[in-house]
Structure formats: C-alpha cells, structure tokens
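See structure below.
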Amino acid sequence: MDTDFANRRRRDLIVAFCLAAIAAVVPLFVKDVYVQNIMVLTLMYGALSQSWNILSGYCGQISLGHALYFGLGAYTTTILFTKFGVLPWFGMIGGGLISAVIAMALGYPCFRLRGHYFAIATIVIAEIALLLIQNWEWAGAALGITIPMSSDSWLKFQFARSKLPYFYFALGLVCVAWFVTWWLEDSKWGYWWRAVKDNPEAAESLGVVVFNSKMGAAAVSAFLTAVGGAFYAQFVSYIDPESVMGFHFSLLMALPAVLGGIGTLWGPMLGAVILIPVTELTRSFIGGSGRGVDLIVYGGLIIAISLARPQGLVSLFTPKRKEATR
Amino acid sequence: MTAPLLETRGVWQRFGGLVANSDVSISVGRGEIVGLIGPNGAGKSTLFNLIAGVLPPTQGTIWFDGEDVTALPAAERCVRGVARTFQVVKSFETMTVIDNVIVGALMRNTVMRVARRKAHEVLEFCGLAARANVLASDLVPSEKRRLEVARALATEPKLLLLDECLTGLTPIEAQTGVELVRKVRDTGVTILMVEHVMEIVMPLVDRAIVLDLGKVLVEGKPKDVVRDPKVITAYLGDRHAVGA
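Written out as structure tokens, the structure reads:
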C-alpha cells in the first residue's frame, strides 16, 4: 500500500515534468502572437487557480475575493517600480509578502465565519478594497498607472517585441504553484487542511489547531496569487483598479478549479486549459454584437460539469476507486 | 499510580437556565475502564464534552495527569493525551481510511513516513487494515465507529473517551467492539466510556458512574450499581424500585 502511494506521488511528478517540457517547446512551433497570448493567459490562470485551490479546495474555505490579492500583487510591483524604481522581481516578492500578511489579518476575523458567510465576507472585502484604490489619488485612482516601457530587459521584466519571456515566466509560475501543492499535499499541512475541510470539530479533537491551519492556507494562497498579479501587471504594462481587482478575477481563479476538480492536484490546471482558451476564442470570434456569448458558454460549461461530474473533470481519470470497493 | 489520571472537581455547566451538570466530581484512575451511564438527559454528553475540551465548564476545574486543563481547548488537550470519539461519527468523508488515521498520527509524528507507518499499525490493531484505501464515506456504520477509535488511538492518548461507540450496533458487532476496547486497555490506555446499553457496558467496565439530572447518583462496581435502588428509580421510575 505504501509503495502504491509512493508510486502515485512519483508518477504525478514525472507526468508534471513531461507536460512542462512539452509546454516549453510549444511556442517554438506556434509563432502566432494571438495564440501565444492565449497560452500565456492559460498558464497564468492555471497558476492562479492552483493557488486559489490551496485555500478553497484543500482547506475548504471558499474565497470569492482573491482578486484582492491579485490586485495587491499588481499594485505593489507597479508602485514600487514607477515611484521608487524597485525592480519588479523584488516587487513580486514584496507584493506576495504584503498579500500574505493582509490575508492573515483578514483571516483573523473572517475565519470565525463558516461556509457561505465566509465566502460573502471575502466578496465584500475585495469590493471595499477596489473602492479604496479607485479613490486613492497617489496610487493612480480610477485612471490607473502605466508602466513606462524602455527597452526589452529581463532586469525590468518588460518585453515589447516578444511574448516568449512572459510565456516562460508564466510556465515557471505554474510549475511552482503546482509543485508547492504537490509538496504540501503529502505534508502535515495538507492533511490538516483536508481534515479541516471535512470536519473541523473532529480535526480539533485530533490536535489540529483549525484556526492556524486556515491562516497557513490563506498565507500561501495569497502569496502565490499576488505573484500572479505582479506578473499580470508586467504583462499588460498598464493597470487600473477594475482591470486587476474586478470581481471577475475572483471568479476566473475559482472556476478552473471547480471545473477541473476542486481540492485536487490536477484539477485547476486541467480546468484552465479548457476554460481559458474557450473564453478567449468565443470572445474574439463572436465578440462585437455577440458580447457576453463567452459568458454564456462559460455558464453552460459549469452547469454541465456540476450536473454530470460534480467532482470535476479530473474524476474522469480516476473513476474506479469508489465502485471497486463496494 | 496514586493520583488519578482524570479528575473533575465540582464541575458545573449551565446553558441559560438549564443546569446540565451540577457539582460533578469524578475521577478516573490509570488503566481503568470507567463507564459513564445514566438515563437520557442526565448530562453525560455534556460532561463528556467538558472533559474533551469542546467547551469550558461554567464553574469548577478539570485535572488531567496532574495538570489543570480547564482552560485548554480540545486540540491542546489532545496534545496532553486526551483523545475522543464522537457519538455521531465525524469521519473525514472525502479522505481515505488511512488518510483519516494519518491526521491523528501526525499529532505525535511530523515526519510523513513515520506517521503513515503508525497509521497502518493502528489500522491493523483495529481490524481495518483491509479497508485502508477505501474512502471513509464508503464504510459501513460499524466500520466508521472503528475508524473513530483508530483515529483517536493514532494520537497515542493516555485517556480515550468513547462516546456511545457501541450503541446502535448488532450484537456481534458490539461484541467485537467490546473486545477492541479490552485490547486497547491492555496496551495501557485508560478508558472513559459513555454508554446506553447496560448489558454491554456492565461486564466491560471496572467501575460505573451513574449520572442523573446532572449529578453523580451512584458510583461503584457494576454489579452493585445495577442493583442500587436509586439507579433503578432513575431509569424506570419509583414503581420499580423494590429495594435492595
């Protein structure tokens, strides 16, 4: 049994490595900038959803306010760079740390709420933060901040001519988020989180400090999300409150995980690979007069999945476990 | 050996106007199996929750292993060596049986490999080894009860609190449960069990404490307790109290 388990863990790692290697060579053949753009976004949302999955999937604390951490990451790097000349690389880490601290500060009151009440609190807090930034003159208010572009540079992490550096960074981000999840899954924290999700009272009786477990999950999740936000700011080189902190970001982080399989290792990535290209393609092909069609497709997908496969698409790959034991 | 492992001193619990426990002082010695019995509404479950640390008593103190644990939450008491099962089973339903037990085992062993090995040992001990990789939600009720015990044992407790873990089982299942409880005690774990079913508890326990209306009614050897007129009155009413 133990060897089965160890083999599965190793297999996951090998599969992930192969997929990353394949993904790394794809842009060498796909030169189309539009397609490359979609690939970057897919990887980014995969990473974000993977981060969201740590708090909401594994630990079961459904957050619909992750746009807050995304925005914090974006704003921290951008402000540090434009106002203080701090390189985005440090800004990313700084934004991540700030988000982690804020996630814990917000968690302190909010983790006393359960279920839907927690989810509602996260929405409200993210909306309040959005309004605050919109009215904060120094941070660009509703107009936002443009990141001044100079020459292509790895140091400043900005590239006007090619999408490839962004692609590889996003790929790296996905790999990090995936690997962190993989590593945490078979750690004390991973078990504690799943126990807290399934039954906090029983977890407490087994020596799990439920509150601290949630705080830990929130910090890791917020950190990774903020790094994603910082990346996005560099990628689009212009941010305003609505475009980095809007509610739809919270949804776009949650939906791939829900579609692919919430609380699973592969679910968020699988969900992102399906959902993001579908959204982008419907938006560009139907676009114009058919505005909102992408959202209809989206909603349809989610409804279909929740009816047919409530555990997410990942469960298609591991179907036999339940029946076999009956 | 002299100092009791668990002691409640003048414990009161009030819920608004309702007094669930009034001035309850009991003690459980090391290596004992003590049964906590009483009719419905006697305050057994409340006392049980106070000992497990789910809520603090309104008044009084709880001592465990020579330490005042009254103010400690459940998780802290688990660290000290108090483990419990739940009357209504609370398995981690989306996790496998082995993973359920690992959560408990991680309390003392933070290295995953050690915790996993420990969990396998406990499952073997509880007769659930064959079900290790099954989802907890797929277990039958008697197996879920055993999983509760296994999970609690994985935390390597000094005191195991069993909340009606033999109630609602078939006679054969209950009998294997009784054997498991004996086996646990033989490993040196002290047991305090709340039970309803007298026929099962009485042969099993070394000592019985009868609660009625939130107070300790009688305490003593099982065979004396069942004959005590006060106990018979509490369970069956005055008409059946035919005297000792």
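Protein chains in written order, with this note's numbering: chain A, 1 to 326; chain B, 1001 to 1244.
By construction, the Cβ of each residue, glycine as well, lies at the ideal position given by its N, Cα and C atoms.
Since the structure is predicted, the reported quantities are computational estimates derived from the model, not experimental observations.
Interfacial residues, the stretch 180-202 of chain A to chain B, with Cβ spacing under 8 Å: Asp186, Ser187, Lys188, Tyr191, Trp192, Arg194, Ala195, Lys197, Asp198, Asn199, Glu201, Ala202
Compare the Cα-Cα distances from Thr1284(B) to each of Leu1204(B), Val1225(B), Gly1029(B), Glu1143(B) and report the closest residue. Because chain B is modelled from 1001 through 1244, residue 1284(B) falls outside the range shown and cannot be assessed.
Separation of Lys31(A) from Arg114(A), as counted between CA atoms: 48 Å
Let's test the definition: count the other Cβ atoms within 10 Å of the Cβ of Arg1151(B) and tell me whether it reaches 16, buried, or not, exposed. buried
Is the beta carbon of Leu68(A) sitting closer than 8 Å to the one on Ile125(A)? yes
Tell me the rounded alpha-carbon separation between Ala21(A) and Lys163(A). 18 Å
Chain A contact for Ile1200(B) (CB, 8 Å cutoff): no
Distance check for Leu19(A) and Pro27(A), CA to CA, integer angstroms please. 14 Å
On the CB-based measure, 16 or more other CB atoms within 10 Å of its CB, does Ala6(A) come out buried or exposed? exposed
Within its chain, find whatever has a CB closer than 8 Å to the CB of Pro310(A); leave out the 5 residues flanking it on each side and keep chain order. none
Which residues in chain B sit within 8 Å of Gly299(A), going by Cβ to Cβ distance? Neighbours of Gly299(A) on chain B: none; closest Cβ ~26 Å, over 8 Å.
If you follow the alpha helix (DSSP H) that Trp1063(B) is in, where does it begin and where does it stop? Segment 1059-1064 is the beta strand (DSSP E) holding Trp1063(B); no alpha helix (DSSP H) there.
6 Å CB neighbourhood of Thr1061(B) in its chain, flanking five on each side removed: Arg1009, Asp1068, Thr1070
Cβ distance (whole Å) where Ser187(A) is taken to contact Met1112(B) below 8 Å: 7 Å
Rounded separation between Val1149(B) and Leu206(A) - CA only: 11 Å
Could you tell me which of Asp4(A), Met253(A), Gly190(A) sits nearest to Ile1102(B), measuring between CA atoms? Gly190(A)
Determine the direct distance from the alpha carbon of His1196(B) to that of Tyr45(A), and round the result to whole angstroms. 55 Å
Simplified DSSP assignment, three categories, for Ser306(A): helix
Do the stretch 195-203 of chain A and the stretch 65-79 of chain A touch if we need at least three Cβ pairs shorter than 8 Å? no
Quick one: is Ile303(A) buried, meaning 16 or more other Cβ sit within 10 Å of its Cβ, or exposed? exposed
Output the distance between the C-alpha atoms of Ala1105(B) and Ala1129(B), rounded to the nearest integer angstrom. 15 Å
Any C-beta of chain A within less than 8 Å: which residues of the stretch 1158-1174 of chain B qualify? none
Which chain A residues are close to Arg1146(B), counting only those with a beta carbon under 7 Å from its beta carbon? Per Cβ cutoff of 7 Å: no residues; Arg1146(B) is ~15 Å from chain A at best.
Does Gly1053(B) come out as helix, strand or coil in the three-state DSSP assignment? coil
Nearest-angstrom Cα separation, counted from Arg1146(B) out to Asn1100(B): 12 Å
Could you tell me which of Ile1033(B), Leu1005(B), Gly1031(B), Asp1023(B) sits nearest to Asp1065(B), measuring between CA atoms? Leu1005(B)
Range of the contiguous beta strand (DSSP E) that encloses Gln1013(B): 1006-1015
Skipping 5 residues on each side, what residues in its chain have a beta carbon closer than 8 Å to that of Ile123(A)? Leu64, Gly65, Phe247, Ser250
Member of Ile14(A), Phe235(A), Thr78(A), Ile262(A) whose CA lies at the smallest distance from the CA of Gln158(A): Phe235(A)
Using a Cβ cut-off of 8 Å (strictly closer), state whether Gly1177(B) contacts chain A. no
Buried or exposed for Asp198(A), going by 16 or more other Cβ atoms inside 10 Å? buried
Quick one: does the C-beta of Gly1029(B) sit closer than 7 Å to a heavy atom of the ligand ADP? Here there are no bound small molecules, and the ligand ADP is not part of this structure.
Give me whichever residues DSSP pairs with Ala1083(B) in a beta bridge. Leu1160(B)
Going by CA-CA distance only, name the one from Leu131(A), Ile274(A), Ile262(A), Lys83(A) that's closest to Gly312(A). Ile262(A)
Are at least three pairs of beta-carbons, each pair with one atom in the stretch 1046-1055 of chain B and one in the stretch 1114-1132 of chain B, less than 8 Å apart? no
Is there a Cβ of chain A sitting closer than 8 Å to that of Thr1046(B), yes or no? no
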